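There are 4 protein chains.
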Amino acid sequence: MSHNTFGHLFRVTTWGESHGPAIGCVVDGCPPLIPLNEADLQPWLDRRKPGGSRFVTQRKESDTARILSGVFDDGDGPVTTGAPIAIHIDNEDARSKDYGEIARAFRPGHADMTYQAKYGVRDHRGGGRSSARETASRVAAGAVARRILGDGIVIRAGVVQLGPHRIAPDAVDFSAVYDNPLFAASAGVVPAWEAWLDGVRKAGSSCGAVVALEVTGIPAGWGAPLYGKLDAELAAAMMSINAVKGVEIGAGFGSAELSGEDNADEMRIGPDGGIVFQSNHAGGVLGGISTGQPLTARIAFKPTSSILTPRQTVTRDGTETDLRTKGRHDPCVALRGVPVVEAMAACVLADALLRHRAQIG
Amino acid sequence: MSHNTFGHLFRVTTWGESHGPAIGCVVDGCPPLIPLNEADLQPWLDRRKPGGSRFVTQRKESDTARILSGVFDDGDGPVTTGAPIAIHIDNEDARSKDYGEIARAFRPGHADMTYQAKYGVRDHRGGGRSSARETASRVAAGAVARRILGDGIVIRAGVVQLGPHRIAPDAVDFSAVYDNPLFAASAGVVPAWEAWLDGVRKAGSSCGAVVALEVTGIPAGWGAPLYGKLDAELAAAMMSINAVKGVEIGAGFGSAELSGEDNADEMRIGPDGGIVFQSNHAGGVLGGISTGQPLTARIAFKPTSSILTPRQTVTRDGTETDLRTKGRHDPCVALRGVPVVEAMAACVLADALLRHRAQIG
Amino acid sequence: MSHNTFGHLFRVTTWGESHGPAIGCVVDGCPPLIPLNEADLQPWLDRRKPGGSRFVTQRKESDTARILSGVFDDGDGPVTTGAPIAIHIDNEDARSKDYGEIARAFRPGHADMTYQAKYGVRDHRGGGRSSARETASRVAAGAVARRILGDGIVIRAGVVQLGPHRIAPDAVDFSAVYDNPLFAASAGVVPAWEAWLDGVRKAGSSCGAVVALEVTGIPAGWGAPLYGKLDAELAAAMMSINAVKGVEIGAGFGSAELSGEDNADEMRIGPDGGIVFQSNHAGGVLGGISTGQPLTARIAFKPTSSILTPRQTVTRDGTETDLRTKGRHDPCVALRGVPVVEAMAACVLADALLRHRAQIG
Amino acid sequence: MSHNTFGHLFRVTTWGESHGPAIGCVVDGCPPLIPLNEADLQPWLDRRKPGGSRFVTQRKESDTARILSGVFDDGDGPVTTGAPIAIHIDNEDARSKDYGEIARAFRPGHADMTYQAKYGVRDHRGGGRSSARETASRVAAGAVARRILGDGIVIRAGVVQLGPHRIAPDAVDFSAVYDNPLFAASAGVVPAWEAWLDGVRKAGSSCGAVVALEVTGIPAGWGAPLYGKLDAELAAAMMSINAVKGVEIGAGFGSAELSGEDNADEMRIGPDGGIVFQSNHAGGVLGGISTGQPLTARIAFKPTSSILTPRQTVTRDGTETDLRTKGRHDPCVALRGVPVVEAMAACVLADALLRHRAQIG
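Those sequence lines, one after another, are chains A, B, C and D. So for the first sequence, my numbering puts the first residue at 6; every next one is plus one. So for the second sequence, my numbering puts the first residue at 6; every next one is plus one. So for the third sequence, my numbering puts the first residue at 6; every next one is plus one. So for the fourth sequence, my numbering puts the first residue at 6; every next one is plus one.
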């Protein structure tokens, strides 16, 4: 990962600002002959799309992805050609309003102050480059990555903690995630969570959340020691998502409290002669390489920084002010982060697949 | 990061196995004219060196680093020349014993099974490439990185949780770390922790821990959106350290429970006209770019996988067995992980400095 | 360089096929606060644009570049923000004709056979990804690179050999290049060259050429030993241009015939105390690092592979056939290669500037 | 390629100076289970080794390579493990003499002036990092690369032009190269060339040369458009070798004089149903991808810059002086460049193999 590109062999370069004419990405390194068209991308984009419920931003975007290159239909339907795949998404609801106050003042918790400090200029319109709108490009790229991985690898994520409210580990049910507007990994918590989040929303406040990720079907052997560890790549990918402040693999921070005996994932031989682990504290990775067990991770999102309560801040000219952030915002940015977490996992794994194949054949 | 190299402009490539003739690294991209000799490396290596107390492995290694290239003394003492710096550390206590059982059986929690699955071969002697011995090279590279960063940037880490025992956040005192054999960030906890860890050790068991990191003196503006975020780079670097299972920045997982109001790090203008933050939930990073506040992170280490209690496992030939791991081991691998955490932070920051300078001048 | 990206810190990723909806590129790593708008790109694109004379393809393309991201006007005109700059060029004259024969048969000298062999599929429409149309993206990126380099660095190229006809070294005049339709680096040769090339053109044949490059104003010290040598980077960049088969720096192949005495570029101290070289066989590079003298190179282009004379070839189904390539083609692809050579040089140098600044400050 | 590393997946990082304690390299990304020991490296190193005849430097170096990591013998002989392979070569004849004059004055044609300009310091002892001694590491890495490529890919190079003396293309015989001290690709020219080069040598002068390269056995499909073209990678690799000033592929600069008809490599179907080219002006590469024909290239070396005739130069303090370079030098640095050219070709191809396998499977 560097600058605006991530991945080594499956490489994604994203571009675009929140209120510019468009955003998009270039997906490079894709193997050829994979059936791919725009309809393969859209369902994933629709999951992340704004405006789907009262719990997400009311910005109106169709998030329609167009593929401008890298696929070709020679009579049997469009397939990848091995050439770079350019994906383009128009910004349709970038409002031409007066950004006056935000243009001058730094919104606490946002990247306003740091972009200004680094670059001496920032596109303040809707957060510019640092807007979560950029994650639409990630989701589009993730859809391509899923096609490389195939149906045998199943990537699922969901909200398992909303503010202080948690889903018990044994109650996590990823199949519920896209059937409720909270992306919650349990149908049972939804009514209570909706009521609570309505309170947060109406108060003009916001909350954080934890998203759990589980990937099944990864064969043993993917990843690469020591500085290309699968879990290190995954951690970097997750930490690159807006508002993420923590990543843990398997037992994660909980493993610090375990004894060596309890943490050991013991092994037996299964009926088919393969290795069967008796537990998965490792989260599917040992020494940076996949074990064949499910890859599990948890990702912490901070609360949305845009809130209606005035906060103390300063302007780029060095004067103190108070700022309340009006406009259209997600009360909990983690919700729409769920498809983004899945997409980044897909990209990391597609890259791992190609790298593994390169060295091992 | 890829394969065995990390860093973009300040690049470190490590090599070597636990029981081979030597380990080492090549540090490339270092600016010229920085005074550097072997005496600059040794104090940091001594902190990580085995055999220093009963709480770490009893393997006897002097960990003497030799610099084989990249420095030149033109009369005023050795300085870096801009050429790659090769650092070489002999393995002095690699025992020629019979590894029979470990050669065949996979130690639970170790990378034995995954290396075998990926490569079809593994250097089982002392863990081979996946041994924590490799981290000596990281510490040597980190010492070079510190010279680039200069004295204004202070990197400190320490154990803040040992198994279930925690140091309260307001009791953390990094100045205590290298004065106690537990690398604990508080002198007060040491007697109780020593007694508890003695129990773990004598039982042939092991425990996990959490290491806190704090870096002061980083100016605002380092780091690079979106896929070279300072916190993403740091997370990957930490997750690449043996036994690390979780990384959080600033308030980390705790931020998921905060409201937007509480999480906002408000800003005022200080007496010198600069920005003064009223809190640091962000951990010194917003949008992937440093704020000028201290960079803070916490890193979770799992318990040492080598324990004396027999665990169920399998052999590479597919038979079931029970395995107890004899030999010389750290009861808590996180302890000597403290200087490694510092070193990796130094490398990430030296790289960030060079990258920032490239784009911004 | 890898896949479809070139550059280390100043990074250009291109995408698009000859007859797809558009082509474009993403320019990443650009320093902020550089004034830039579409009018800065267009003059360079116009130089490469097809249809300008009877000596280039008659395809009608306005080659209008749109900037979709990475610049922002905060009141004083648009400047770069440090974010990726997406540049988009529509394909306006991609004809919907029957490609029947070319779809099946491999045009000799083109990449048809190799793309098919590698990918098992190829976008045959107008050459697809391997079309020289892609070089418009390079020219757009080069225009951005020139803004980074500033006016002190002057990059000029021109045709110095057309088929067997050469311009004597001491007659090379780069100021003539864009005043004649042959991009010839001498006004004097134009009438004779035009007559000769008309004959080639009317015969449905094609010819090769040699382009000379000269860059003045590069300070001493750019470049990086050993695998990032300035001349090695330049050679790779040039060899990546369609139809280029040879690159030489300074005296190049001629240096093989020189004695050590004759090849030595002797040095004296100039009136201002700086080093003055007495000759420039080195072409401005020693040990991969710029000397401060002009960077000089020569680039050989093979003849356009598309010719009207039937040539023996085979189809992707393995049958023999004869093929004549109808359609719109440049009789000498090197002519419009001149602005491409300049653009690639600009990109290499902008990257070298940033890399130099990173390590040296 | 960047800094001191080349290759994308098969990555070689070299380190060391001419008169330091040692030189070496780290070869990373090697597939596992390839039989490899030091005896596999030595024959190639012996070909490049100094002191073999009166036509090369008289420095006495055994160039004994030690492998310090990355191979493991589990009972059936040492094989690669997939871990980085550290190779170490001691400097045995680095003379502790007074370098006084060379320390101050810049040798014309050498990198002395540019290293000083860039870094503000240079290890002047024997040329330091810019010495051709570094190429021993390349040859060692190339030996590893050959093991990956296997015996089906045959890489051969030889001198085809010594100063003004050329071997006719149809007289080139690579089998003669290592049977004569001039590395000449024709036994017939050796007596005359020896006599001529003796004259050059005795006069304290030097000469340039052209080395031809031919690689057979590469399947169609290796390489990657557009910025990872096989010929672009090869050009960069060759241009990174000391003293190289030009690279051409296939017909190279000669192709500029060809008509499209003559340059076309026509295709027919062979007896086994495969494609048979009727000529190879392309040098085995079309569109950056291998055609299956032999890869052919020619590389121009400038004369050795170290000569006994005094040349005008300046010191780092800015005074004018005359300098004659005493000491041990190759009268024609291209001769020992032959095994280096082969080694770099091997590294480029091993990398291409891995990259191809990654994307195509």
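Beta carbons: idealized from backbone N, C-alpha and C, even for Gly. Here the structure is a predicted model, which means the values were calculated and not measured.
- Apart from the 5 residues on each side of it in sequence, B/Ile39 sits with its Cβ closer than 7 Å to the Cβ of Val84, Thr85, Arg152 and Ile153 in its chain, given in chain order.
- Listed in chain order, the positions of the stretch 248–275 of chain D with a beta carbon within less than 7 Å of a beta carbon of chain C are Lys250, Gly251, Val252, Glu253, Ile254, Gly255, Ala256, Gly257, Phe258, Ser260, Ala261, Glu262, Leu263, Ser264, Gly265, Glu266, Asn268, Ala269, Asp270, Glu271, Met272, Arg273 and Ile274.
- The stretch 208–218 of chain B makes contact with the stretch 257–272 of chain A; the number of CB pairs closer than 8 Å reaches 3 or more.
- Pairing D/Leu218 with D/Glu347, the inter-Cα distance amounts to about 7 Å.
- Cβ-Cβ separation between C/Leu231 and D/Thr221: approximately 28 Å, too far for a contact (criterion under 8 Å).
- For C/Ile280, the closest alpha carbon among the candidates D/Pro36, D/Pro113, D/Thr69 and D/Lys65 is that of D/Pro113.
- The beta-carbon separation of D/Pro36 and D/Gly87, rounded to 7 Å, stays under the 8 Å limit for a contact.
- Using a Cβ distance threshold of 7 Å, B/Lys54 and B/Asp98 do not count as a contacting pair.
- Counting along the chain, D/Lys250 sits inside the beta strand (DSSP E) bounded by residues Val249 to Ile254.
- Inside the stretch 87–167 of chain D, DSSP marks whole alpha helix (DSSP H) runs of 4 or more residues at positions 105–109, 117–124 and 140–154, from first to last along the chain.
- When DSSP states are grouped into helix, strand and coil, C/Pro40 belongs to the strand group.
- Under the three-state reduction of DSSP, B/Pro83 is assigned to strand.
- Listed along chain B, no residue sits closer than 8 Å to C/Gly226 by beta-carbon distance, the nearest being about 11 Å off.
- A residue is called buried once 16 or more other Cβ atoms fall within 10 Å of its Cβ, and D/Gly34 is buried on that count.
- Between B/Ala116 and chain A, the shortest Cβ-Cβ separation is below 7 Å.
- Of all residues in the stretch 126–156 of chain C, those with a C-beta nearer than 8 Å to a C-beta of chain D are Arg134, Ser135 and Glu139, reading in chain order.
- The shortest CA-to-CA distance from D/Asp128 to any of B/Val76, B/Ala229 and B/Arg71 is the one to B/Val76.
- Counting of Cβ neighbours within 10 angstroms places C/Gly275 among the exposed residues, the total staying below 16.
- Note that the C-beta distance between A/Ala248 and A/Lys307 is below 7 Å.
- For C/Leu340 and C/Val159, the gap between their C-alpha atoms comes out near 20 Å.
- Taking 7 Å as the CB threshold, D/Pro174 stays off the interface with chain C.
- Of the candidates B/Lys250, B/Asp267 and B/Asn9, the residue whose Cα lies closest to the Cα of B/Ala256 is B/Asp267.
- Put simply, the CB of C/Glu43 is far from chain A, with every gap to its CB atoms at 7 Å or more.
- With respect to chain D, the C-beta atom of B/Tyr124 has a partner C-beta closer than 7 Å.
- Of A/Pro169, A/Trp201, A/Gly278 and A/Leu239, the smallest CA-CA separation from B/Arg321 is found for A/Gly278.
- In this structure, B/Thr62 places its C-beta atom within 7 Å of the C-beta atom of B/His334.
- Taking C-beta atoms as the reference points, C/Leu73 and A/Pro89 fail to come closer than 7 Å.
- Nearest in C-alpha terms to A/Val205, of all of A/Ile92, A/Leu46, A/Gly155 and A/Leu313, is A/Leu313.
- DSSP, reduced to helix, strand and coil, places B/Gly342 within a helical segment of the structure shown.
- Beyond the five residues adjoining it in sequence on each side, B/Asn285 comes within less than 7 Å, by CB distance, of Gly255, Asp270, Gln298, Pro299 and Thr301 in the same chain, given in chain order.
- Only exposed fits A/Gly193, as fewer than 16 other CB atoms lie within 10 angstroms of its CB.
- A check of alpha carbon separations from B/Leu354 across B/Arg303, B/Asp327, B/Val149 and B/Ala197 identifies B/Val149 as the nearest.
- Counting only runs of 3+ residues, the beta strand (DSSP E) found wholly inside the stretch 316–364 of chain D occupies 316–319 and 325–328, in chain order.
- In the displayed model, D/Ala190 falls within coil according to three-state DSSP, outside both helix and strand.
- A check of alpha carbon separations from D/Ala116 across D/Thr318, D/Asp178, D/Leu167 and D/Arg16 identifies D/Thr318 as the nearest.
- Within the stretch 180–205 of chain B, not one residue has a Cβ closer than 8 Å to any Cβ of chain D.
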